[in-house]
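**Q** When we follow the working numbering, the leftmost residue of the sequence shown carries the number 59, and every step to the right adds one.
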Amino acid sequence: MSHNSLRSTLTLVFIVASSVQARAQSVEESVSLELSGFEEVPTFEDLTKKYGMAPATAAVLALADDESARPFLRARALALLGQSESPEALPVIRRALSTPEQPFTILFAAVSAAGRKGNGLVEALRPHLDSEDVHLREVAIGSLAKIGTPESKRLLATRRPKETSPMLKRKLAELDR
């Protein structure tokens, strides 16, 4: 291969790689803008139809895991991960759950998303059953109830005698029926 031919090939590879990277950044920026909306927030399915499964998933994962992103955007991205079928969502949701100093909106969205994702997040939900915030405890109880595994049911059973909120005590009692 001649020097000019090699240079042309490398230039083409660089252009294609730059184009792919720009497209990924463009999708991430577009998804971020769509999640910023006040009136209508797209579903995960809406985003995958518009951008394709892989680019939409990558954009939502990146936004949900970006600690520098605005909390309400991260919360919306975490909520979308709860709708996704991506196995890559589990570690992102788990990280959000395991960082208690997160803003409330992020924790709330992560706890809620965990209930939609299932069994792999039961242990990560445990600390949120003891949250000082009654709303976060309520969502944790609901998420564990949705998961419905023997392990999640055991966690709920151990929470009932400790629960101080009358509303949540009733909810826990109803789950035992």
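By construction, the Cβ of each residue, glycine as well, lies at the ideal position given by its N, Cα and C atoms.
The structure displayed is predicted, hence computed values, not measured ones.
Just to confirm before moving on: does the CB-CB distance between A117 and S88 stay below 9 Å?
**A** Yes; because the gap between Cβ atoms is below 9 Å, this pair is in contact.
**Q** Does DSSP put Q160 in a helix, in a strand, or in coil?
**A** Q160: coil per DSSP, three-state reduction.
**Q** Considering S210, what are the terminal residues of the alpha helix (DSSP H) in which it resides?
**A** P208 to R217 is the extent of the alpha helix (DSSP H) around S210.
**Q** Spatial neighbours of Q160 within its chain, please: CB distance less than 7 Å, with the 5 preceding and 5 following residues excluded, ordered by chain position.
**A** Closer than 7 Å at Cβ, skipping near neighbours: A154.
**Q** Rounded to whole angstroms, what is the Cα-Cα separation between V71 and E86?
**A** Residue placement at V71 is flagged as unreliable, the pLDDT there being 42, under the threshold of 50; the coordinate-derived value follows with that caveat. Distance between the alpha carbons of V71 and E86 is about 23 Å.
**Q** DSSP on R235, reduced to helix/strand/coil?
**A** Three-state DSSP puts R235 in coil, outside helix and strand.
**Q** Which of helix, strand or coil does DSSP assign to P100?
**A** Of the three classes helix, strand and coil, the one that applies to P100 here is coil, per DSSP.
**Q** Once you ignore the five residues that flank L148 on each side, which residues in its own chain have a CB closer than 7 Å to its CB?
**A** Result list for L148: K175, G178 and L179, in chain order.
**Q** Answer yes or no: do S142 and T163 have a C-beta to C-beta separation smaller than 9 Å?
**A** No, the Cβ-Cβ distance between S142 and T163 is not below 9 Å.
**Q** Going straight from the alpha carbon of D191 to that of D124, what length do you get?
**A** When rounded, the distance between both Cα atoms is 24 Å.
**Q** Nearest by alpha-carbon distance to L202: which of A182, E221 and P219 is it?
**A** Out of A182, E221 and P219, A182 has the C-alpha closest to the C-alpha of L202.
**Q** In terms of residues, what are the limits of the alpha helix (DSSP H) holding S201?
**A** Its alpha helix (DSSP H) spans residues V192 to I205.
**Q** Relative to the C-alpha of T222, which candidate in K108, G206, H193 and P208 has its C-alpha closest?
**A** T222 has its Cα closest to that of H193, out of K108, G206, H193 and P208.
**Q** Put A171 into one of helix, strand or coil per three-state DSSP.
**A** Three-state result, A171: helix.
**Q** I need the straight-line Cα distance from R195 to L187, nearest angstrom please.
**A** Rounded to the nearest angstrom, the two C-alpha atoms are 5 Å apart.
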